[in-house]
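Structure first, then comments.
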Amino acid sequence: MLKFFRRNKGLQLFSLISPGALWILLFFNLPLLIVLFISFVERGRAGSIKIPPVYTIENYRQLFNACASQFAGPECDPLLYIGIFGHSVRIALVVTFWCIILGYPLSYFISRQRQIWRDTLMVLVIIPFWTNFLVRTYALKQVLATEGLLNSFLMGLHLINQPLDLLFNEFAVVVGLVYGYLPFAILPMYASIEKFDHTLMEAAADLGASPRQAFLRVMLPMTLPGVVAALVLVFVPVVGAFITPDIMGGGKIEMIGTLINRQFGVSRNWPFGSAMSLMLMLLVLIGVIAYFRSSSEETRRAM
Amino acid sequence: MAEFAVEMQDVLKQFITPEGGILSAVNHVTMQIKDGEFFSLLGPSGCGKTTSLRMIAGFELPTDGKILIHGKEMSQVPAFQRPVNTVFQQYALFPHMTVEQNIGFGLEMKGVSRAERSMRVSEALEMVRLPGMEMRRPKQLSGGQQQRIALARALINKPEVLLLDEPLGALDLKLRKEMQLELKTLQREVGITFIYVTHDQEEALTMSDRIAVMSKGVALQIGKPEEIYERPASKFVADFIGETNFLDGVVKGQNNSIVEIELTGTGMIYVESSRTFTNGQRVAVAVRPEKLRLNFDTKDGNNLKGRVEEVIYIGTDTHYGVRFAGGQKVRVREQNVNQEYYQLSNPGDEVTISFTQISPRILTE
């Protein structure tokens, strides 16, 4: 029996792969199918679904026309949900932009240090991960609060007379998300930049390229895979984020994530929440595919 | 145009070591490189040759001293504005660009039109004998081909000086020899000053018009290959360039240009020198293995008795290791000039080692 196993490479491979594959199948693919199913049925009284199920596409219609809901008031905005989708995408793009703009030079700086410093600095980047995300977000909230650290500091220096409104607005949400997701941008960009051979920058300078030209023509294209990875790793979770917009936005900033969260919570509308989740998935999928279609061969190979 | 293509005037380059000390990679070096010259910086790793080259290229700035290119001081000129181009040790071709884009990069930076660029790139490819390679990627090329592309990428810009940092180091021996001759021919054709960094003394001797031998940040000797080889100024140069026998001795007297030196336990030798020595001075007599003869008495030369310890046949030559009575050991190189190989002597044989009075060099440092 053991001999047979040793000889059979296919069986060995199967036994290595199957636990992970089974895990994904059971706890990822199957639930997704359940979500797909729920999104096409009517909601039940207690919040879950009607049994036996009644099939409908009403949940999707409601997404594109908010007034189709049975609870819609007279002055409802038919594009309410589409607007929130758009708003989420916009916030996610802004957050991704800042993560890359802040993360790239930092990754570059770290990659240029001596080995021991590089390791230390990378640990400093990762350390916040060891703290609970919720705790970190609440801590940041304390910093930005009306009587928080930042305002007290600025008042103490007499730079401002009135505390600034730094919390419960889009600014706060963006700051919170950039804070939370910056390491996700730094890690892949650092990996790319660290591998980059800096002799190539000297070669570019030697051939008459100014530092700016050398960066745009040589370093950026060659580290683009890291930037693209950062873009995907930040944009995808941020567009569906719900904890940070909830805490930092104080309920005033609506994003897809908070909206979906509400459907499974207070609104008790699982089918509508499921439909929204799938739309979000579809949106991200289309976005990523479109990006790779338009981006160069190089970046596609890198992913 | 100034007489010298490149001048280094008392150039000092210091680095801070990881331990916090100060390392003088280039220690007050002065040298003048003539226009159109094939000039080599030769020395072991860490001697400062690459740092010197990098300072001329503008990748490093001197801590002190001046670097002039055709009479123009360079300290305020960044690398990308200097009239020099470099062929890097590992070629440093841009992997994300085609061969055409690589070679045309310098012209593109200068704002040369696409059409002219494309024409000049194919000319450059002809020059390095790789026509039609435009659309390849560097990864698809062999080491030798990458090397030629790197050369074309630098030369297409018609630099005033071409800097080469061990460009043949990564190639195998046969290809390296081929490229040495090719580079030399190319340099004559284009007439551009080449500054060539290498640790390979044979390569430097083969290609250079002049060589600067460097060690520990100092230029020990600058001269033509034959000067460096035949008249080394120091023990280091004699030892680094080619093979040398060192015989320690004491000066016993001097009769005009003939110096009498006693090799302890072995006997007196007579060596011609233009320098003056004092009696009792300790010196090292350096003599090349090919200038020693085995059992070939010379009338007014030096003849020393010794015993053969080993015989090594290496094809073109046979090397004999011979120990003198005083314990000094020398290596003798006899060329195998005859069709039929025959060994001049066997280990254990008593032999006479002869050399003329003019072949050794007396070195004091």
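Same order as they appear, the protein sequences are chains A and B. Numbering-wise (my numbering), the first sequence opens with residue 971 and increments by one. Numbering-wise (my numbering), the second sequence opens with residue 51 and increments by one. Where is the CB? At the ideal position from N, CA and C, for every residue including glycine.
* Asked: Does VAL134(B) get closer than 9 Å to chain A when you measure Cβ to Cβ?
  -> Closer than 9 Å to some Cβ of chain A, the Cβ of VAL134(B) qualifies, so yes.
* To do: Could you tell me which of GLY1178(A), HIS1168(A), LEU1063(A) and SER1247(A) sits nearest to TYR1078(A), measuring between CA atoms?
  => The option with the nearest alpha carbon to TYR1078(A) is HIS1168(A).
* To do: Could you tell me which uninterrupted alpha helix (DSSP H) segments, each at least 4 residues in length, are contained entirely in the segment 176-222 of chain B, listed from first to last along the chain?
  => Correct list: 193-205.
* GLY43(B): contacting residues in chain A (beta-carbon distance under 7 Å) -> Residue 43(B) lies beyond the range of chain B shown here (51 to 415); nothing can be said about it.
* To do: Determine, using beta carbons only, whether GLU1172(A) comes closer than 9 Å to chain B.
  => Yes - at least one Cβ of chain B is within 9 Å of the one on GLU1172(A).
* Asked: With 16 as the cutoff for other CB atoms within 10 Å, does ALA990(A) come out buried or exposed?
  -> The question names Ala, but residue 990(A) is Gly in the sequence shown. Exposed.
* Per-residue contacts from PRO440(B) into chain A (C-beta, under 8 Å) -> This structure cannot settle anything about residue 440(B), because the visible part of chain B is limited to 51 through 415.
* Asked: Between the segment 352-377 of chain B and chain D, which residues of the former have CB atoms less than 7 Å from a CB of the latter, in chain order?
  -> Protein chains in the displayed structure are A and B, and chain D is not among them.
* Asked: Given a limit of 7 Å on CB to CB distance, which residues of the segment 1179-1209 of chain A reach chain B?
  -> Within the segment 1179-1209 of chain A, the residues whose Cβ lies closer than 7 Å to some Cβ of chain B are ALA1179, SER1180, GLN1183, VAL1188, PRO1191 and MET1192, listed in chain order.
* With a threshold of 16 other CB atoms inside 10 Å of the CB of ASP298(B), please say whether the residue is buried or exposed. => With fewer than 16 other Cβ atoms within 10 Å, it is exposed.
* Residues near PRO94(B) in its chain [Cβ-Cβ closer than 8 Å; skip 5 each side] -> Answer for PRO94(B): HIS249, SER265 and PHE290, listed in chain order.
* **Interfacial residues, the segment 153-166 of chain B to chain A, with Cβ spacing under 7 Å** => The residues in question are PHE155, GLY156, MET159 and LYS160.
* Is the shortest distance between the beta-carbon of PHE296(B) and the beta-carbons of chain A less than 9 Å? -> No, no contact with chain A.
* Asked: Tell me which same chain residues have a C-beta within less than 7 Å of the C-beta of GLN1083(A), skipping the five on either side of it?
  -> Closer than 7 Å at the Cβ level, and outside the excluded window around GLN1083(A), lie LEU1091.
* Asked: Which one of ASP350(B), SER284(B) and ASP347(B) has the shortest CA to CA distance from VAL335(B)?
  -> It is SER284(B) whose Cα lies nearest to the Cα of VAL335(B).
* For VAL61(B), the first and last residue of its enclosing beta strand (DSSP E) -> Annotation for VAL61(B): the continuous beta strand (DSSP E) segment containing it runs 54-66.
* Inter-residue Cα distance where the pair is ILE311(B) and MET318(B) -> Rounded to the nearest whole angstrom, the C-alpha separation of ILE311(B) and MET318(B) is 6 Å.
* Asked: Which one of GLU184(B), MET183(B), PRO209(B) and MET81(B) has the shortest CA to CA distance from VAL137(B)?
  -> Minimum Cα distance to VAL137(B) is reached at PRO209(B).
* As assigned by DSSP and simplified to three states, the class of ARG1182(A) -> Under the three-state reduction of DSSP, ARG1182(A) is assigned to helix.
* With a CB to CB cut of under 6 Å and the five nearest residues on each side skipped, what residues in its chain are close to ARG104(B)? -> Same-chain partners within the cutoff: GLU110.
* Residues of the segment 116-148 of chain B with Cβ closer than 9 Å to any Cβ of chain A, in chain order -> Taking 9 Å as the Cβ-Cβ cut-off, the segment 116-148 of chain B approaches chain A at PRO128, ALA129, PHE130, GLN131, ARG132, VAL134, ASN135, THR136, PHE138, GLN139, GLN140, TYR141, ALA142, LEU143, PHE144, PRO145, HIS146 and MET147, given in chain order.
* Asked: Under the three-state reduction of DSSP, which class applies to LYS84(B): helix, strand or coil?
  -> Here LYS84(B) carries a strand assignment [DSSP, helix/strand/coil].
* CB of MET147(B) to nearest heavy atom of the ligand ZN: below 8 Å? -> Of the ligands one can find in the structure shown there are none, so the ligand ZN has no counterpart to examine.
* Do ALA262(B) and MET124(B) have their C-beta atoms closer together than 9 Å? -> No; because the gap between Cβ atoms is not below 9 Å, this pair is not in contact.
* Reducing DSSP to helix, strand and coil, say where MET1273(A) ends up. => Note on MET1273(A): pLDDT 44, under 50, position unreliable in the model; no value is reported.
* Return the residue from the list ILE1213(A), ASP1176(A), ALA1155(A) and VAL1206(A) that minimises the CA-CA distance to THR1193(A). => The shortest CA-to-CA distance from THR1193(A) to any of ILE1213(A), ASP1176(A), ALA1155(A) and VAL1206(A) is the one to ALA1155(A).
* Proximal residues of chain B, C-beta to C-beta of ASP1176(A) below 7 Å -> Result: ALA107, ALA129, ASN135 and THR136.
* To do: Can you grab the Cα-Cα spacing for the pair PHE1141(A) / TYR1149(A), in whole Å?
  => Going from the Cα of PHE1141(A) to the Cα of TYR1149(A) covers about 12 Å.
* Label THR316(B) either buried or exposed according to how many other C-beta atoms from any shown protein chain fall within 10 Å of its C-beta, with 16 as the threshold for buried. => With 16 or more Cβ atoms within 10 Å of its Cβ, THR316(B) is classed as buried.
* Classify ASP1216(A) as buried or exposed, calling it buried when 16 or more other Cβ atoms lie within 10 Å of its own Cβ. => So ASP1216(A) counts as buried.
* Asked: At least one CB of chain B closer than 9 Å to the CB of ASP1167(A): is that the case?
  -> Contact of ASP1167(A) with chain B is assigned, a C-beta pair being separated by under 9 Å.
* Inter-residue spacing [alpha-carbon to alpha-carbon] between ILE1226(A) and PRO1195(A) -> In a straight line, the C-alpha of ILE1226(A) is about 28 Å away from that of PRO1195(A).
* To do: Could you tell me the boundaries of the beta strand (DSSP E) in which ALA334(B) lies?
  => Here the beta strand (DSSP E) through ALA334(B) covers 332-337.
* Asked: Hey, is ALA204(B)'s beta-carbon within less than 9 Å of any beta-carbon in chain A?
  -> With a threshold of 9 Å between beta carbons, ALA204(B) makes contact with chain A.
* To do: Return the bridge partner residues of ARG260(B) from the DSSP annotation.
  => The bridge partners DSSP lists for ARG260(B) are PHE89(B).
* To do: Could you have a look at SER404(B) and say whether DSSP puts it in helix, strand or coil?
  => In the structure shown, SER404(B) sits in a strand (DSSP, three-state: E or B).
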